[in-house]
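This report refers to the structure that appears directly beneath it.
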Amino acid sequence: MPGDALCGGFLSWATIAQIKALGIDAAMLGGHRIDRLALFAGGRETELPLPAPGMGLSRHRLDTLLRAAATEAGVTFRLGHAVRTLTPTAITLDDGPAVDWDSLFLATGKHDVRGAARPRHGADPELGLRLRLPASPARQRLIGGRIELHWVEGGYVGLLLQEDGSANLCMAVRKSRLTAAGGRPLGLIAALADRSLALADRLGDVPADARVDAIGDVPYGWRATTTWPGLYRLGDQAAVIPSLAGEGIGIALASAAEAVAQWQVQRRDGAEIYQRHFARRALLPLRAAAGFRALGRYPGLLRVLSATPGAAGLAMRLTRIADA
5 MPGDALCGGF
15 LSWATIAQIK
25 ALGIDAAMLG
35 GHRIDRLALF
45 AGGRETELPL
55 PAPGMGLSRH
65 RLDTLLRAAA
75 TEAGVTFRLG
85 HAVRTLTPTA
95 ITLDDGPAVD
105 WDSLFLATGK
115 HDVRGAARPR
125 HGADPELGLR
135 LRLPASPARQ
145 RLIGGRIELH
155 WVEGGYVGLL
165 LQEDGSANLC
175 MAVRKSRLTA
185 AGGRPLGLIA
195 ALADRSLALA
205 DRLGDVPADA
215 RVDAIGDVPY
225 GWRATTTWPG
235 LYRLGDQAAV
245 IPSLAGEGIG
255 IALASAAEAV
265 AQWQVQRRDG
275 AEIYQRHFAR
285 RALLPLRAAA
295 GFRALGRYPG
305 LLRVLSATPG
315 AAGLAMRLTR
325 IADA
């Protein structure tokens, strides 16, 4: 779908409530209802109920609604331009000279801006890959109202259905896995399907010319604990939660709300206070998501989690920024 951003696709019950506070309710979103979590690890499948229903929704649909609401509130968008560099006093766009700034809300997602990049993570960093799959009866039957997490060597694959029946595949893996597949994302997806019957059933019809979006060197677990005067880092520029938590949009909305509230009181002087506070607020959800991700290496613990009353729901709630 044109205009679809790389990350996102799942809205938790908490994120739906955040969006409702902006004047956009669940009916307006129109996403695919998701009420269960399916975990695939060690050749076993475990299904857990979500604490409350979420939804699968394309970023194209979500961003269209949010931009319309922002425009109605008086925001002016300048689309089709890129920020090339950022300094503590100015930004340089791709179509002109540097522009001075006093207060800046940095919301570039997992993409860094030259001059304000996040730290790199070693020789074998994590990559993010996304593939949009057309609607099919097989995926409708297999995935249904679930968000699926498939643990694979060096990472995991997430699958869900979206508002039009299409499937969204998001993957986080080490760079070495992609290198072993000849640097070809579709080759890596095919290799993973060869080693997993569940993935093979869901990905057997991936076109040979399918477009795979990618982002390199994602610093999962990183938080911005400091900033420049006037620079408010939002979303993945503030805290990078492992994608399997399905809380990236929640963090983007929560950080934006807190940053704006701080700016309204202290303008540029509030940036450092906001950044430190949000870093503390995001610590528990990021640690909980990292712990949940590690469970994929120990399938037995997943079975214990599913068999312990209330444990799965608690684990999911701990990854919600709105509850932190």
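Position one of the sequence shown corresponds to residue 5 (the numbering used here), numbered consecutively onward. Every residue, glycine too, gets a C-beta built ideally from N, C-alpha and C. Source: prediction; values computed, not measured.
The shortest CA-to-CA distance from G60 to any of L192, I253, G13 is the one to G13.
Apart from sequence neighbours up to five positions away, the residues of its chain that approach A111 with a beta-carbon distance below 8 angstroms are L238, G239, Q241, A256, A260, ordered along the chain. Secondary-structure assignment with DSSP links T89 through a beta bridge to T96, R118. Within the region 141-173, the runs of alpha helix (DSSP H) at least 4 residues long that lie entirely inside it are, in chain order, 141-147. A straight line joining the alpha-carbon of W267 with that of D273 spans about 8 angstroms. Residue range 252-270 is occupied by the alpha helix (DSSP H) that includes E262, with no beta strand (DSSP E) assigned at that position. Burial state of K24 is exposed, judged by a 10 Å Cβ sphere holding fewer than 16 other Cβ atoms.
When Cβ pairs closer than 8 angstroms are counted between the two stretches, the region 176-188 is seen to touch the region 122-137, the count reaching three or more.
If you draw a straight line from the Cα of R122 to the Cα of E76, it comes to about 33 angstroms.
In the three-state DSSP reduction, T230 falls in the coil class, being neither helix nor strand. Distances from the CA of Q270 to each of L69, A120, S107 were compared; the closest alpha carbon is that of S107. Distances from the CA of A86 to each of H115, Y224, A204 were compared; the closest alpha carbon is that of H115. For L133, the enclosing beta strand (DSSP E) begins and ends at 130-137.
Per DSSP, the unbroken alpha helix (DSSP H) holding G295 starts and ends at 275-298. DSSP links I219 through a beta bridge to G132. The residue among E49, E157, L173 with its C-alpha nearest the C-alpha of A195 is E157.
If you draw a straight line from the Cα of H36 to the Cα of R143, it comes to about 13 angstroms.
With a contact defined as Cβ atoms closer than 8 angstroms, T19 and G317 miss out at about 17 angstroms.
Looking at the DSSP output, L110 bridges to R237.
Looking from the CA of T93, the closest CA among L83, G84, G119 belongs to G119.
Judged by their CB atoms, C11 and S170 are not nearer to each other than the 8 angstroms cut-off. Excluding the 5 residues flanking it on each side, E49 has same chain C-beta neighbours closer than 8 angstroms at A42, L43, A202, in chain order. The three-state reading of DSSP puts R307 in helix, counting H, G and I together.
For the pair A45 and L288, the CB atoms are not nearer than the 8 angstroms cut-off.
With at least 16 other beta carbons inside 10 angstroms of its own, G300 counts as buried. For a cut-off of 8 angstroms, the C-beta gap from I325 to A292 is around 11 angstroms, too long to register as a contact. Taken atom to atom, the span from the alpha-carbon of T183 to that of L309 is near 34 angstroms.
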